[in-house]
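The opening position of the sequence shown corresponds to residue 54 in our numbering, with each subsequent residue numbered one higher. A short worksheet on the structure shown next.
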Amino acid sequence: MSERQTVRLLLAAMALAAPGLLVLGGLMLSGYLAPAPGFIAGAVLLVLGAIVAWRHLTGLTALHRRIESLAAHDEDLKIDAPTLPELSLALGRLVRHWQDRQRRLAEASEAANRILEALPEPLIVVDREHQVVRTNHAAEEAFQTRLVGRELATGLRHPQLLNAVDSALNEGQSLAAEITMPGPMNRNYSALVEPLGKQGALIVLHDLTPVRMGERMRADFVANVSHELRTPLSSLLGFVETLRGPARDDKDAQDKFLTIMHEQAERMSRLIEDLLSLSRIEMDEHTRPRGQVDLRHVLGNVKDMLSIKSAARHMRVELDIPDWVRPIPGDADQLTQIFQNLIDNALKYGRENTAVEVSVTRPSERELTVTVTDHGEGIAPQHLPRLTERFYRVDAARSRQLGGTGLGLAIVKHIVNRHRGHLTVDSRLGEGSRFSVTLPA
Ligand SMILES: Nc1ncnc2c1ncn2[C@@H]1O[C@H](COP(=O)(O)OP(=O)(O)OP(=O)(O)O)[C@@H](O)[C@H]1O
Ligand SMILES: [Mg+2]
C-alpha cells in the first residue's frame, strides 16, 4: 500500500468513526461513561471504520485496475488510490477511447471491403456448410448471377472446384485447380481455394481465358501459315516432277506449267511479305506514327495503283474528298496499305460494271472517316466479327483463287489500331459492303 493510500485510509476511517467518537467523547465528559470503556469503544469504532473504508477503497482500486487494463495503453488512466470523481473521469476517457477504436475498426473494415470489391479477380467466400456468404463485384460480373445466400454447388456446378472446397474445409489444405466454366463462351479459370478456419473457405479465381486463347491462336496461326504455304509448295513440286518426267520434251506444256509455277511462287512470296508486314506493324503498334498525311494524295495514288485491276473488271473508283480535308497525323505508307487493301477487296468482291465509292466525312471535330463502299455480294452477319482475324475468309477457295492471302483485313486492323482509330463494317448480303476507317484528325 502506498503512503497516499494509507493516509487516505486513515482519514476515511476517522471520518466514518467521527459521529460515534463525538458521542463517546460527550458521554465521557459528562461522566456517563468511564474513560476506559470509552477509549476501548472509540478504538473499536476506529477499527470498524478502517475496515469499511478499506473495503471501499480496495473495491475502487480493483475497479480502476479493470478500467486501466481495458484501456491498456492509456497512461493518463493510472491513478493511485482513486476517488469516485477520478474514476468517473477515467471511465469517460475509456468510453471515448473505445468509441475511437470502434471508429477506426469500422474504417479499416470499410477499406478492406473496398479493396475486395476493387480486386479484378472474382472472390467467393463459403461457410463450413458450403453456403456462399460473400462475393465481390468481379465474381458477380463473371457469373452474371447473385451467389450470396445460395449453396456453392447450385451456383457453380463444377465438380473439381467443389472437391477442392471440400478438402479445404475438411483438411484445412489450400488447393489450386484449373477449371473450365461452360457457357456461351467457355471460360478457363485457375481456382485457388484457401481454408479460412471456422469461417469456411475463400475461393479466388484467376481468368486464364485470354492466355489460353492466345495459345490457341498461336497454334492456329502456325497451322494456318503451314497450310497456306503447303498448297502452292506441293503444286510447285508436282510441276517440277512433271517437267523432269512426262513433259520433258513438251514445249507447250513447259510454258503452261512454268506460268502456273510462277504464279504459285508469287503467291508464296506475297504471303511471306504480308506476314512480315503484319509482324512489323504489330511490333510498333504501341508507338504513334509521327508524320502528316495528305489523304487526297494517298487515295489518288491507291486509285492509280489499282487502275489496271478496276479496268479489267469494268469498274470505277470514285473519290469524293471535300475541300475541308486537311493533312492528318499518320504514316503515309501504312495508310496507303489500308486503303489499298480495302479498295482492292471492293474491286475483288464488287460486281462487274459497278462503282467503288470512296468518301471522306467528319463524324466529329477531331475525327475523320474514310468509307469504302462496294456493290457486290456482301457479307453475312455471322462473318463480320471475324473478318479481321488472320486467314479468315468467307470463301477460302475463292479468295485463294483471286490471289488473296486472307491477311489484308488483319493488316488493316493493326494499322488502324496503331493510328488510334477504328474500323467498322456494314454489309448486306446481295447489296454490298461498306468499310469505314475513322482516324483522329
Ligand atoms: N468488300 C468485301 N465484300 C465481300 N467480302 C469481303 C469484302 N472484303 C473482305 N471480304 C471477305 O473478307 C475476307 C478477308 O478479307 P482480307 O482482305 O483479309 O483477305 P483477302 O482479300 O481474301 O486476301 P488479301 O487481302 O490478303 O489479298 C475475304 O476473303 C472475303 O471473304
Ligand atoms: Mg483483301
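Built from N, CA and C at the ideal position, the CB exists for glycine as well. Small disclaimer: the values here were computed from a predicted structure and weren't measured.
Scanning the segment 324–398 for uninterrupted alpha helix (DSSP H) segments of 4 residues or longer gives 348–358, 360–365, listed from N- to C-terminal end. Excluding sequence positions up to five before and after Ala164, its CB lies less than 7 Å from no other CB in the same chain. Contact annotation: Phe310 and Val355 have beta-carbon atoms that are not nearer than 9 Å.
Inclusion of His436 in the 8 Å shell around ligand 1 follows from its C-beta lying nearer than that to a non-hydrogen atom of the ligand. DSSP, reduced to helix, strand and coil, places Met238 outside both helices and strands of the structure shown, so it counts as coil. Ranking Pro263, Glu247, Leu388 by CA distance to the CA of Met238 puts Pro263 first. Shortest Cα-Cα distance from Ala206 to any of His367, Ala230, Val179, Asn189 involves Val179. Distances taken from the Cβ of Lys466 to the heavy atoms of ligand 2 include none shorter than 8 Å. The C-beta of Leu123 has fewer than 16 other C-beta atoms within 10 Å across all chains shown, which makes the residue exposed. With a contact defined as Cβ atoms closer than 8 Å, His467 and Glu338 qualify at about 6 Å. Counted as a single uninterrupted DSSP element, the alpha helix (DSSP H) harbouring Gly291 occupies residues 262–297. For Val423, there is no enclosing alpha helix (DSSP H); the enclosing beta strand (DSSP E) covers residues 420–426. Taken in chain order, the unbroken stretches of beta strand (DSSP E) that lie wholly in the segment 118–193 and span 3 residues or more are 176–179, 185–188.
Judged by DSSP secondary structure, His475 falls within the beta strand (DSSP E) whose first and last residues are 475–481. Met368 is not a Cβ neighbour of Asn394, given a cutoff of 9 Å. Counting only residues whose CB is nearer than 6 Å to a non-hydrogen atom of ligand 2, the list in chain order is Asn394, Asp397, Asn398, Gly457, Gly461. In the pairwise beta carbon analysis, the segment 217–233 is classified as not touching the segment 151–158: fewer than three pairs are separated by under 8 Å. Residue pairing of Ser412 in beta bridges, as defined by DSSP: Asp373, Thr424. Between the segment 357–373 and the segment 430–443 there are fewer than three C-beta pairs closer than 8 Å, too few to call the two in contact. Per DSSP, the continuous alpha helix (DSSP H) segment holding Leu215 begins and ends at 212–224. With respect to Val105, Ala66 sits close: the two C-beta atoms are nearer than 9 Å.
Nearest to Met358 by alpha-carbon distance, out of Ile396, Leu290, Glu224, is Ile396. For the pair Thr389 and Val425, the CB atoms are not nearer than the 9 Å cut-off. Between Tyr445 and Asp427, the C-beta gap is not smaller than 9 Å, which leaves the two residues out of contact. If the five residues before and after Leu200 are omitted, its C-beta is found closer than 6 Å to the C-beta atoms of Val185, Thr188, Gly208, all from its own chain and listed in chain order.
The nearest non-hydrogen atom of ligand 1 is less than 8 Å from the C-beta of Ser486. Relative to the Cα of Ala171, the nearest Cα in the group Glu194, Arg157, Gln155, His183 belongs to Glu194. Here Leu421 is not near Val411, since their CB atoms are 9 Å or more apart. Set against 8 Å, the gap from the CB of Thr441 to the closest heavy atom of ligand 1 is smaller.
Taking C-alpha positions only, Arg419 is separated from Ser288 by approximately 51 Å. Assignment of Ile232 by DSSP, reduced to helix, strand and coil, places it in the strand class. Look at Ala433 here: in three-state DSSP terms it is coil, with no helix or strand label. Relative to the Cα of Ala115, the nearest Cα in the group Ala103, Gly95, Leu137 belongs to Leu137. Taking C-alpha positions only, Gly102 is separated from Leu75 by approximately 14 Å. Counting along the chain, Thr491 sits inside no alpha helix (DSSP H); it lies in the beta strand (DSSP E) bounded by residues 485–493.
Counted as a single uninterrupted DSSP element, the alpha helix (DSSP H) harbouring Asn470 occupies residues 461–471.
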